[in-house]
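**Q** Let me begin by handing over the structure; questions about it come next.
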Amino acid sequence: MKCMYCGCTESKVIDSRSTDEDRAIRRRRECMQCGRRFTTYETIEMTPVLVVKNGGNRQTFDPGKVKNGIIKACEKRPVPMAKIDKLVEDIKKQVYNSLEQEISSKRIGEMVMDGLKKIDEVAYVRYASVYRQFTDISSFMNELESLMRENQQNKDKAERKPDR
Numbered sequence: 241m242k243c244m245y246c247g248c249t250e251s252k253v254i255d256s257r258s259t260d261e262d263r264a265i266r267r268r269r270e271c272m273q274c275g276r277r278f279t280t281y282e283t284i285e286m287t288p289v290l291v292v293k294n295g296g297n298r299q300t301f302d303p304g305k306v307k308n309g310i311i312k313a314c315e316k317r318p319v320p321m322a323k324i325d326k327l328v329e330d331i332k333k334q335v336y337n338s339l340e341q342e343i344s345s346k347r348i349g350e351m352v353m354d355g356l357k358k359i360d361e362v363a364y365v366r367y368a369s370v371y372r373q374f375t376d377i378s379s380f381m382n383e384l385e386s387l388m389r390e391n392q393q394n395k396d397k398a399e400r401k402p403d404r
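For the sequence shown, the numbering used here assigns the number 241 to the initial residue and increments by one for each residue that follows.
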């Protein structure tokens, strides 16, 4: 690290501590030549991930947009903000851990629906109705029936498991 006072490239770290919710490290350094101290910050370099929309245009991935959509789906539902934040964080991790530079908006939508299905079924149906663009009552009913079948299968599996 180059000293901002004399330009020397030799310095020693005096103190290190986490900042910004453990997303950065603050380091106090001392120049080996002039003895003056300065602060540096070390952060992870995030490569931008582009979201490929249905029309083919691309936008930078924005977890804030994902969160807003989830909040809208969970409106007037007993879903704590902590669960919404956890879901957004999980989706963000999946997107960045995929190591892809581009991801489809459909894939992100599926991630949101998978998470909402586990948190609140009404919020899931709300999100799905907008995401899948239900055009009539029959497509809406098909989604509800699918959800009900899945719930029944989960109940049947739970009843078949022996108690230990």
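From the three backbone atoms N, C-alpha and C, an ideal C-beta is built for every residue, glycine too.
1. Per DSSP, R252 forms a beta bridge with which residues?
2. Let's see if you can read the secondary structure: which residues bound the alpha helix (DSSP H) around Q392?
3. Please confirm whether R268 and D260 have their CB atoms less than 9 Å apart.
4. With a threshold of 16 other CB atoms inside 10 Å of the CB of I324, please say whether the residue is buried or exposed.
5. Is it the case that the segment 354-365 contacts the segment 314-321, given that we only count it when at least three CB pairs across the two stretches are under 8 Å?
6. Taking M388 as the reference, give the member of V365, F374, R372 with the closest Cα.
7. Using the DSSP secondary-structure output, state which residues sit across from Y281 in a beta bridge.
8. Going by Cα to Cα distance, which pick from P303, R277, Q392, I343 is closest to V253?
9. Would V289 pass as a contact of S345 if the rule is Cβ separation under 9 Å?
10. Could you check what DSSP says for S258 in three-state terms: helix, strand or coil?
11. Would you tell me roughly how many angstroms separate the C-alpha atoms of K332 and P303, rounded to the nearest one?
12. Taking all protein chains shown into account, decide if S378 is buried (16 or more other Cβ within 10 angstroms of its Cβ) or exposed.
13. Need the endpoints of the alpha helix (DSSP H) that R298 sits in, please.
14. Would you identify the three-state DSSP class for V292, choosing helix, strand or coil?
15. Thinking C-alpha only, which one of E285, R257, M286, A368 is nearest C314?
**A** Reading it off the structure:
1. A small fix is needed here, since residue 252 is Lys in this sequence, not Arg. K252 pairs with E270.
2. Segment 377-400, the alpha helix (DSSP H) holding Q392.
3. Judged by their CB atoms, R268 and D260 are not nearer to each other than the 9 Å cut-off.
4. Burial of I324 is indicated by the presence of at least 16 other C-beta atoms within 10 angstroms of its C-beta.
5. These segments touch.
6. Out of V365, F374, R372, V365 has the C-alpha closest to the C-alpha of M388.
7. DSSP output for Y281 lists R266 as bridge partner(s).
8. The shortest CA-to-CA distance from V253 to any of P303, R277, Q392, I343 is the one to R277.
9. Cβ distance not < 9 Å, so V289 and S345 don't count as in contact.
10. S258: strand per DSSP, three-state reduction.
11. Each residue's alpha carbon lies about 7 Å from the other.
12. S378 counts as exposed, since fewer than 16 other C-beta atoms from the protein chains shown sit within 10 angstroms of its C-beta.
13. Looking at the DSSP string, R298 is not in any alpha helix (DSSP H); the run it does join, the beta strand (DSSP E), is 298-300.
14. Looking at V292 - three-state DSSP - the assignment turns out to be strand.
15. Closest by alpha carbon: A368.
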